[in-house]
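The working numbering puts the first residue of the sequence shown at 179, with every later residue one more than the last.
Even for Gly, the Cβ is constructed at its ideal location relative to N, Cα and C.
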Amino acid sequence: MAHYFQISNKYFIVKNHYFFWIKKVYLLKDIREIVYDQQVRQPNALRIITKDFDNSRFLAGTLRDKHWLEMMTVLRNKKIKVRNESI
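Encoded structure:
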């Protein structure tokens, strides 16, 4: 539940506060869509769908709504489709 995200010019990076040695790196050009979703009684989550239809879901309960919305504008500026189903 403690994931956080970094965005660079070419990469979208997913890290965890507790397991800091683990990180997932995605090329921005390989991302088809990013979905903000929330399941029942769970914190907000980010689902990454790649162009080969592989998807991964990361819970991020430590992020505030304003950070989610700021990240959405940054991703849309980088021409990545973002669907907001929770915020």
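A distance below 7 Å between beta-carbons, with the five flanking residues on each side excluded, links N233 to the following residues of its chain, in chain order: R225, I226, I227. With 16 or more neighbouring CB atoms inside 10 Å of its own CB, Y214 falls in the buried class. By the Cβ neighbour-count rule, N262 is exposed, with fewer than 16 other Cβ atoms within 10 Å of its own. Per DSSP, the beta-bridge partners of F236 are L224. In the DSSP assignment, K244 falls within the alpha helix (DSSP H) that extends over 243–255. Closest in alpha carbon position to V218, among L205, R210, L237, K207, is L237.
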